[in-house]
Every structure is written in structure tokens, then in C-alpha cells.
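Note sheet for the following structure.
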Amino acid sequence: MINQHYLGMLSNKSVIRELSEYATARGKEIGYENVFDYSLGNPSVPAPDSFREACVRYLQEEDPVRLHGYAPTTGLPSVKEKVAASLNRRFGMQYGPHHIFPTAGAAGSLAHALRAVTQPGDEVIVFAPFFPEYYPYINETGARIKIVEPETEHFQINFEDLEEKLTPSVAAVLINSPNNPSGAIYTEETLTRLAEVLKRKSREFGHNVFLISDEPYREIVFDGKQTPYTARYYDHTLTCYSFSKSLSVPGERIGYVAVNPACEEADNIVAMCGQISRGIGHNCPSSLITLAMGDTVDDTSDLSVYETNMNLLYDALTDLGFTVTRPGGTFYIMPKALEEDAVAFCKKALKYDLILVPTDSFHAPGFFRMAYCIDTEKVERSIPALRRFVEETYGIRR
0 MINQHYLGML SNKSVIRELS EYATARGKEI GYENVFDYSL GNPSVPAPDS
50 FREACVRYLQ EEDPVRLHGY APTTGLPSVK EKVAASLNRR FGMQYGPHHI
100 FPTAGAAGSL AHALRAVTQP GDEVIVFAPF FPEYYPYINE TGARIKIVEP
150 ETEHFQINFE DLEEKLTPSV AAVLINSPNN PSGAIYTEET LTRLAEVLKR
200 KSREFGHNVF LISDEPYREI VFDGKQTPYT ARYYDHTLTC YSFSKSLSVP
250 GERIGYVAVN PACEEADNIV AMCGQISRGI GHNCPSSLIT LAMGDTVDDT
300 SDLSVYETNM NLLYDALTDL GFTVTRPGGT FYIMPKALEE DAVAFCKKAL
350 KYDLILVPTD SFHAPGFFRM AYCIDTEKVE RSIPALRRFV EETYGIRR
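Under numbering that gives the first Met the number 0, think of the first position of the sequence shown as 0, with each following residue one higher.
Written as C-alpha cells, this is what we have:
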């Protein structure tokens, strides 16, 4: 008999993917340029020339047997050194190469980090709103997801609910900053307070509560600011990163786990990740892409378009009367829907070829997400459609 658990998961498909598929089908009917598709968080700017040039250089100059051979289980040493040096230089850390574990993107890094610090039956706290894939990421380890309700004014942490839900059965806390879907960035004040809570509770429980920091949007920040580096605030932190957004290479699936050198068992966790790979099949990301990443670890694509798009949408949404918190980063914005049922709201928007994602599955009912990683010209053309939708459907005129 086939596995009934995974068969059952087929009936719970991602609403984001379903809307993206609808947008593609609609585009075949009317031309995709006429579909204002805000569904999928797929980078819309090209990878930097330096990354492509690095790939070409390795293909042309490196011995093909060595280049395309297996990488060591815990990653290529030369690249691990470059990643550690970059993090130390940028954030004042003390990583060594043995604290870095290259992975197949952020999903791969979370798969390893979660298994490294939890056991079946443990609980992992997440803060709403959160990426819906956290459900399978956590639950498929044998641990259980535990949700802290959202603070919807600034999308920082609801500390009152955290205090109530942070019990001895919690092995780890998973955060995402800058956040998908809200675009919020946890402030230094928030991270300092979170660290204080985790230290106090760890002493009370007699075991360390680990912090897993999911940071794929770390480089996409606005107003000339920088994302506070979570591991600087709490020793027992595993940082999960992906180059999908910074280098605009989501299809290449390259990222890493960085273990804070002050973390419990810091010198063993990367080796443990190598053993975890044996069980989950996430072994060894592409050697070619790993080498190219190492050569461009401090580079980024031209990410400025996302701030341009955010400002256009934020101004338009607020002008139309939406309640919306201005994003500090990412390429997402999360306004409150104009009716209580955000699913119904987003269905009505389809009439205007506006593809919006209700955030019920992000544990934030009543809101919707717009992924504005599209051409600025298309954002500009979508605003009149958004205005018509609001005026004709809800009678709001501004």
C-alpha cells in the first residue's frame, strides 16, 4: 500500500501555487502581461554578472572530474571558510569553517537545523504570520508546531502569548526576519527581549531552548537600514540562509546553516547535519553552484527594484484606504482585506485579473499578501485595476 499520509497531503496543496497556476492559465488566455500576478515570491531581477562569470570560469578552467565529483558530506572546506569569513566581517561573529554547513537552499538548511535540535514529540514555536511550509518542515520531523498569535500593528513578537506557550516541551523557537508575508523586520529591541525570555526559560527548564533564524530575505531591506543579525543576540542560535533572493538564483538551491560558535554542542552540530543528510537525502548541494556562491558570497543582485515597487504599492494601498504596515524589507506587503473573509476578497479580485493571496494559511486571517517581485511597469499598470476593484466592489472612492 502506498503511504496514506503523503497521499492525504495532496488535498492540502499550497494556495500560493494554486493561484500561480491560475495566473499562468489566465495568461494564456489574455496575455500574461495583462495578468497582475502577485502570487509567487520568485525573484524578478537577474543574478549578478559575477555569479554567472564564476560558473563559466569553473566550467572552463576547472578539472571536470574534480568539479563534478562528490563534495565532502559537510561541504567544501574552501567555501565554508569564505562564508564564515563573510559573516564574521559583516556581523562581528567568530565562526570557523566547521560552523558552516552548505545546504540545498533555506528549505534544506531548515530541514537540518530542526532535526539537529529537536526530537520526536518536542514542540517548535513559530510566530504568526509565518510561511505555510513551516507546517510540514516541522511536523515531518516528528516535532509539533506551536503557534504564537500575531501582533498585527507592527508585526513584532506577541510576548504575552509567547510567555504562555513557552513550556518545557518546547525545544526550539523558529523566527523569520525579514518576514514572509508581512515584510516586517524584528528590531534590536525585539531580539534583545526575545533573547532574555529564552535565557530565563532555559534556566527554568534545565535545558537550552534553541533559536532557529530563517533569513533568506536578509539583504532585501529598505530605507538604507540593515537587518539585525539574530545570532548576535542569543548564543544558542542556528542561522538558516539561502542565496535565492540575494543572488536571484532560487532554482540553484544553495544556502547554509551557520551554528553560533557559542551554541551548545557548536563543534558537533555541523557533523550531526552530515548524519542527518543520510536520513533525509539532502546530501551535498551542487559543487559547481557551491563554488560560485563562495566566490560571490558578498555580492547581490540589483535589489533596488523591490523598494521602488514597495513604495508604489504602499502609497496606492494607503490612498485607497487599506490598513497596511509599511514593510521594512522582503518583496511582500500584507494589507488588511476590505472584508472579514480575505479568501472571498481575493476571489473577487480575480475578476480584475489581480492575483492576490489570502493569508489564512499564514495564520493571519483577514489579510492578503502581494509578492511585488515583478516589473515596476507592471506594478504601475496594476494600480488602476486595483482602484477599479475597490471602487466597483466596495464602493470606496478616493
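Just so you know, even glycine gets a beta-carbon here, dropped at the ideal spot from N, CA and C.
- For residue 34, the secondary structure class from DSSP, reduced to helix, strand or coil, is coil.
- DSSP links residue 101 through a beta bridge to 255.
- CA-CA distance, residue 331 to residue 368, rounds to 7 Å.
- Taking residue 232 as the centre and dropping the five residues before and after it, the same chain places the C-beta of 190, 191, 194 closer than 7 Å to its C-beta, in chain order.
- Annotation: residue 72 is outside any alpha helix (DSSP H) and is labelled neither H nor E by DSSP.
- Contact between the stretch 112-125 and the stretch 165-172 is present: 3 or more CB-CB pairs across the two stretches fall below 8 Å.
- When rounded, the separation of the alpha-carbon atoms in residue 377 and residue 305 is 13 Å.
- Judged by DSSP secondary structure, residue 347 falls within the alpha helix (DSSP H) whose first and last residues are 341-348.
- Taking one beta carbon from each stretch, the stretch 66-84 and the stretch 205-213 have fewer than 3 pairs nearer than 8 Å; the two do not touch.
- The C-alpha of residue 222 lies about 35 Å from the C-alpha of residue 55.
- In this chain, residue 44 is not harboured by any beta strand (DSSP E), its DSSP state being neither H nor E.
- Shortest Cα-Cα distance from residue 15 to any of 199, 132, 111, 147 involves 132.
- Taken in chain order, no unbroken stretch of alpha helix (DSSP H) lies wholly in the stretch 201-256 with a span of 4 residues or more.
- Excluding its 5 nearest sequence neighbours in each direction, residue 34 has C-beta neighbours in its own chain below 6 Å: 22, 25, 26, 352, listed in chain order.
- Here residue 373 is buried: its Cβ has 16 or more other Cβ atoms, across all protein chains shown, within 10 Å.
- Nearest C-alpha to residue 360 among 99, 130, 203: 130.
- The way I'd put it, the stretch 269-277 does touch the stretch 90-110; three or more beta-carbon pairs between them come closer than 8 Å.
- Under the 10 Å beta carbon count, residue 127 is surrounded by 16 or more other beta carbons and is classified as buried.
- Around the beta carbon of residue 155, 16 or more other beta carbons sit within 10 angstroms, so the residue counts as buried.
- The Cβ neighbour count for residue 335, taken over all protein chains shown within 10 Å, is at least 16; the residue is labelled buried.
- Taking 7 Å as the cut-off, the beta carbon of residue 38 is found closer than this to the beta carbon of residue 356.
- Counted as a single uninterrupted DSSP element, the stretch harbouring residue 184 is not any beta strand (DSSP E), since DSSP gives it neither H nor E.
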